[in-house]
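Trainee: These protein sequences, in sequence, are chains A and B. This note's numbering applies: residue -1 is where the first sequence begins, and numbers increase by one. This note's numbering applies: residue 186 is where the second sequence begins, and numbers increase by one.
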Amino acid sequence: MSILINKDTRVISQGITGKLGSFATGQMIEYGTKVVAGVTPGKGGTELNGVPVYDTVREAVKYHPADATITFVPPPFVKEAIFEALEVGIKLVVVAVERMPVKDMMMVHQALRQSDTVLLGPNSPGIISADECSIGYFPGHVYRKGSVGIVSRSGTFSYQVADYITKAGLGETTALGLGGDPITGVSFIDILKLYEADPETKVIVLIGEIGRTSEEQAAEYIQSEVSKPVVAIIGGRTAPAGKTMGHAGAIITGGRGSYDSKVNALEKAGVPVARTAKEVTNLAKQALTSS
Amino acid sequence: MKLFEFEAKEFFKKGGVPVPEGIVAETPQAVKKAYNDLGGNVILKSQILVGGRGKAGGIKFPKSEKEAYEMADELFKMKIKDEAVEKILVERALDIKQEYYLGIITDPDESCPLLMFSAEGGMEIEELSAQKPDAIKKVLIDPRYGLLGYQIQNELKEAGIPKEFHNGITSIARRLYQTYWDKDGELIEINPLVVTADGNILAADAKFNIDNSGLYRQPEMPKRPAKTVEERAAELTLSYVLLDGNIGIISNGAGLTMSAMDYLRQEGSSPANFLDLGGQATQAVTIKNGIGIVLENPRVTALLIYIFAGGPRCDVIASGIVEAIDEMEKENSLHVPIVATLHGRFAEEGMKVLSACKSPHLYQEAEVENAVRKAIELGGKAK
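1. Considering only the beta carbon of each residue, do I472 of chain B and G505 of chain B sit closer than 8 angstroms?
2. Evaluate contact between the segment 142 to 159 of chain A and the segment 206 to 222 of chain A, counting only Cβ atoms and requiring at least three cross-stretch pairs below 8 angstroms.
3. Quick check: the segment 452 to 464 of chain B against the segment 509 to 516 of chain B, are at least 3 beta-carbon pairs closer than 8 angstroms?
4. For T171 of chain A, report the span of its beta strand (DSSP E) as first-last.
5. 8 angstroms is my cut-off, CB to CB: does L188 of chain B come that close to chain A?
6. Show which residues of chain B have a CB atom less than 8 angstroms away from the CB atom of S156 of chain A.
7. Answer with yes or no whether the minimum CB distance from Q12 of chain A to chain B is below 8 angstroms.
8. Taking the continuous beta strand (DSSP E) assigned at I3 of chain A, which residues delimit it?
9. With a cut-off of 8 angstroms on the beta carbons, I'd call L118 of chain A and V92 of chain A a contact; round off their distance for me.
10. Could you pull the start and end residues of the beta strand (DSSP E) that E207 of chain A belongs to?
11. Over the uninterrupted alpha helix (DSSP H) stretch that includes Q451 of chain B, give me the two end residues.
12. For T38 of chain A, which of helix, strand or coil comes out of DSSP?
13. Output the distance between the C-alpha atoms of T526 of chain B and A272 of chain A, rounded to the nearest integer angstrom.
14. Identify, in the order they occur along the chain, each residue of the same chain with its Cβ nearer than 7 angstroms to the Cβ of I273 of chain B, setting aside the five sequence neighbours on each side.
15. Given that L361 of chain B touches chain A, what residues does it touch there, using C-beta distances under 7 angstroms?
16. Taking Cβ positions only, does Q283 of chain B come closer than 8 angstroms to chain A?
17. Would the segment 544 to 561 of chain B count as touching the segment 435 to 454 of chain B if we require 3 or more Cβ pairs under 8 angstroms?
18. In chain order, which continuous runs of the alpha helix (DSSP H) of length 4 or greater are located wholly inside the segment 34 to 99 of chain A?
19. Measure the alpha-carbon distance for G24 of chain A versus E508 of chain B and round it to whole angstroms.
20. Does any residue of chain B have a CB that is nearer than 8 angstroms to the CB of M26 of chain A?
21. Specify, as a first and last residue, the run of the alpha helix (DSSP H) that C499 of chain B falls within.
22. Taking beta-carbon pairs under 8 angstroms, can you tell me which members of the segment 445 to 458 of chain B lie near chain C?
23. Helix, strand or coil: which one does DSSP assign to L519 of chain B?
24. Counting only Cβ pairs nearer than 7 angstroms, list the residues of chain B close to V228 of chain A.
25. In chain order, which beta strand (DSSP E) runs of at least 3 residues are fully inside the segment 359 to 410 of chain B?
26. Could you give the residue range of the alpha helix (DSSP H) that holds S643 of chain B?
27. Could one say the Cβ of P404 of chain B lies closer than 8 angstroms to chain A's Cβ atoms, at least one of them?
28. Starting from P298 of chain B and walking both ways along the beta strand (DSSP E), at which residues does that stretch end?
29. So, is D447 of chain B buried or exposed, given that buried needs 16 or more other C-beta atoms within 10 angstroms?
30. Quick one: is T274 of chain A buried, meaning 16 or more other Cβ sit within 10 Å of its Cβ, or exposed?
31. From T486 of chain B to I434 of chain B, what distance separates their C-alpha atoms?
32. To test your reading of the DSSP string, which unbroken alpha helix (DSSP H) runs of 4 or more residues are found completely within the segment 179 to 233 of chain A?
33. Name the residues in the segment 258 to 278 of chain A whose C-beta lies less than 9 angstroms from a C-beta of chain B; which are they?
34. For a contact defined as C-beta to C-beta under 9 angstroms, what are the partners of C297 of chain B on chain A?
35. Do the CB positions of I502 of chain B and I492 of chain B come within less than 8 angstroms of each other?
36. Hey, quick one: how far does the alpha helix (DSSP H) through K559 of chain B stretch, first residue to last?
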């Protein structure tokens, strides 16, 4: 088992004919992901990597019902690409591109509130269910089927954490990135809920970073609603306030979003916080043996 | 992107938010002329992007034409928090009766615009929210409908604002929101929003920051040449932040780069910078550019390169590192040790590429912890 995606998940690639889209889609297919169709306005009727391309999402799903979509379209067109996917009721939308105008994302967010679609991103590395399906940029060779569920605000840092977890023999159910932009789709809480309900996931790894208050909110939720062990790591312990650290969302402003505030909230909720990527694995092992 | 006060006020004017009459001047002579053109009774406001201008002496109140010239001369020679004063806004002084706060920010936790109003203007909003959180009235705005008049009217009542100002402030708030929204704002702020003795309501100060991701569709926004190393790095698609330690860092992905910083601190050292190549950096030239930027900093005594390749390949990145080193060796411009640790796709191939490089400046480690220790051992503690 896994969350959100598995070996049967049918995926559409929006912006498949672009440089980024064709490269990443190729990698996804190589991993075994069922990419059923691609969409690029104006390129309908062609084929890429053996995947049929359509002009619109509606047309694509008419011939190839889909469960998920990933969009690689450039920032000015992302808003419409998301609305297009929402309109046909696709349940999982991954937005890989970064720097989507925040104003556009605020409009999307209002629509998401009235929908049960899960949106990861913008600036998300995607989602992977080990040995089954990968949507996005995850380096497939790092992940092996196991018992750890990973939810992260970062990309490469979560790969590093997963690498240690896999090498220690634990393996993963699913790993996903919420996205590094200032406003993103689903929250830690939405994903914690899914891992809590997934019988294969025995321990949850939460990878946060400075900025926003999503980790604090997650801590509150964990305390009251999550029975499975959760371990965490927060990036940016030594980051100065007022500076954007790579991710537009990773900035400490007006006393909000500091490392200490997040760690205090998590520890209060009984979540041990690792100092290094390697330590996460040790904490996860401890949690597994004591639970 | 941050706008200068005078730039923000141009957008305020266009959006119908009243501001005091003012003239922008770049020389003491021009300030003197502006003093006379406005008929005396003005204030001189240095135009800088950092906060705390008033406390730093960046605002002057000349009593005569001569004083206006002298004070301007002084301001133009000033540096406020490392920022030179290049322009002065000469503005008609206001007969202030009341000072309020009015601002709108993009709230990342609520994922929508947030309007804030306070009867206690003039104070920094961060300070106010720390000391008197109840003094700030907040309104969440649904961007599909925009700011609705009753939303702000209710808060004005609760804040105890005299009734005769309600309509005026409401109208300003609506226009301020529209300006924020139309221009892809991330923060727009009037502090203080002033009620004058004759009952006019104006934006005495103006702060306006634009979402960088929206700049492509805002042709009216000023184009600034890249001045700082951070800005030059951004033009090369690198996220760079200068810090005060001595070990340079290059990594890919924001989270991984922060973790490299955290490792260094853990080992008792400190990073000279944050440099994120981007999670999807695939080209050798990206890392070459990165090495160039980091080594511009004279404080750097060793460079740590920490890569975890997801999409890109370690061997491609490794060849970028080697190319950069070869070029610098030829120019005899490489004087610090470089410690690289490569992980992820094609890591072994990447390590082979590095091993083939004969530069005495290049070291590599399989484990990130060892790489961090090696960089500290070679670079020493900060001076």
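Note that CB positions come from ideal geometry on N, CA and C, so glycine has one too.
Mentor: Reading off the structure:
1. Taking the first residue of the second sequence as 1, we reach residue 472 of chain B at position 287. Taking the first residue of the second sequence as 1, we reach residue 505 of chain B at position 320. Result yes, Cβ atoms of I472 of chain B and G505 of chain B sit closer than 8 angstroms.
2. yes
3. no
4. On the first sequence, position 173 is the one that residue 171 of chain A refers to. Here the beta strand (DSSP E) through T171 of chain A covers 170 to 175.
5. Residue mapping note: residue 188 of chain B aligns to position 3 of the second sequence, counting from 1. No - not a single Cβ of chain A is within 8 angstroms of the one on L188 of chain B.
6. The sequence position of residue 156 of chain A within the first sequence is 158, counting from 1. For S156 of chain A, the chain B residues whose Cβ falls inside 8 angstroms of its Cβ are G440, in order along the chain.
7. In the first sequence, residue 12 of chain A corresponds to position 14, counting from 1. Not closer than 8 angstroms to any Cβ of chain B, the Cβ of Q12 of chain A fails to qualify, so no.
8. Numbered from its first residue, the first sequence carries residue 3 of chain A at position 5. Per DSSP, I3 of chain A belongs to no beta strand (DSSP E) and is neither H nor E.
9. Walking along the first sequence from the start, residue 118 of chain A turns up at place 120. Walking along the first sequence from the start, residue 92 of chain A turns up at place 94. The pair is a contact, with the Cβ atoms about 5 angstroms apart (cut-off 8 angstroms).
10. Looking up residue 207 of chain A in the first sequence gives position 209. 201 to 207 is the span of the beta strand (DSSP E), which, as asked, contains E207 of chain A.
11. Mapped onto the second sequence, residue 451 of chain B falls at position 266. From DSSP, the alpha helix (DSSP H) with Q451 of chain B extends over 439 to 451.
12. Taking the first residue of the first sequence as position 1, residue 38 of chain A is located at position 40. T38 of chain A falls in the coil class under three-state DSSP.
13. Numbered from its first residue, the second sequence carries residue 526 of chain B at position 341. Numbered from its first residue, the first sequence carries residue 272 of chain A at position 274. C-alpha separation (whole angstroms): 21 angstroms.
14. Taking the first residue of the second sequence as position 1, residue 273 of chain B is located at position 88. Correct list, in chain order: A210, V216, L229, K230, S231, Q232, A257, L260.
15. Working through the second sequence from its first residue, we reach residue 361 of chain B at position 176. Using a Cβ-Cβ cut-off of 7 angstroms, L361 of chain B is close to nothing in chain A; its nearest Cβ partner there is about 15 angstroms away.
16. Here residue 283 of chain B is taken as the residue at index 98 of the second sequence, counted from 1. False, the Cβ-Cβ gap to chain A never drops below 8 angstroms.
17. yes
18. 55 to 61, 73 to 85
19. Numbered from 1 along the first sequence, position 26 holds the residue referred to as residue 24 of chain A. Numbered from 1 along the second sequence, position 323 holds the residue referred to as residue 508 of chain B. Each residue's alpha carbon lies about 29 angstroms from the other.
20. For the purposes of this step, residue 26 of chain A is identified with residue 28 of the first sequence, where counting begins at 1. For M26 of chain A, the answer is no, since every Cβ of chain B falls outside 8 angstroms of its Cβ.
21. Counted from its first residue, the second sequence places residue 499 of chain B at position 314. Here the alpha helix (DSSP H) through C499 of chain B covers 499 to 515.
22. Chain labels in this structure do not include chain C; the protein chains are A and B.
23. As a working mapping, residue 519 of chain B is identified with position 334 in the second sequence. Of the three classes helix, strand and coil, the one that applies to L519 of chain B here is coil, per DSSP.
24. Reading the first sequence from its first residue, position 230 is the one you call residue 228 of chain A. Residues of chain B passing the Cβ test: none, with the nearest at roughly 18 angstroms.
25. 370 to 381, 386 to 388, 392 to 395
26. Chain B is shown only over 186 to 568; residue 643 of chain B falls outside these bounds and no answer can be derived.
27. The residue given as residue 404 of chain B occupies position 219 in the second sequence. No, because no Cβ of chain A sits closer than 8 angstroms to the Cβ of P404 of chain B.
28. Within the second sequence, numbered from 1, the residue matching residue 298 of chain B stands at position 113. Run containing P298 of chain B: 297 to 303, per the beta strand (DSSP E) assignment.
29. Taking the first residue of the second sequence as position 1, residue 447 of chain B is located at position 262. When all chains shown are included, D447 of chain B counts as buried.
30. Within the first sequence, the letter at position 276 stands for residue 274 of chain A. The residue is buried, with at least 16 neighbouring Cβ atoms inside 10 Å.
31. Reading the second sequence from its first residue, position 301 is the one you call residue 486 of chain B. Reading the second sequence from its first residue, position 249 is the one you call residue 434 of chain B. Going by the C-alpha atoms only, they are around 11 angstroms apart.
32. 186 to 195, 212 to 223
33. Flagged, chain order: R273, T274, A275, K276.
34. Reading the second sequence from its first residue, position 112 is the one you call residue 297 of chain B. Near C297 of chain B (Cβ distances below 9 angstroms), the residues of chain A are M104, H107, Q108, I181.
35. Taking the first residue of the second sequence as position 1, residue 502 of chain B is located at position 317. Taking the first residue of the second sequence as position 1, residue 492 of chain B is located at position 307. Yes, Cβ-Cβ distance for I502 of chain B and I492 of chain B is below 8 angstroms.
36. If you number the second sequence from 1, residue 559 of chain B lands on position 374. 553 to 564 is the extent of the alpha helix (DSSP H) around K559 of chain B.
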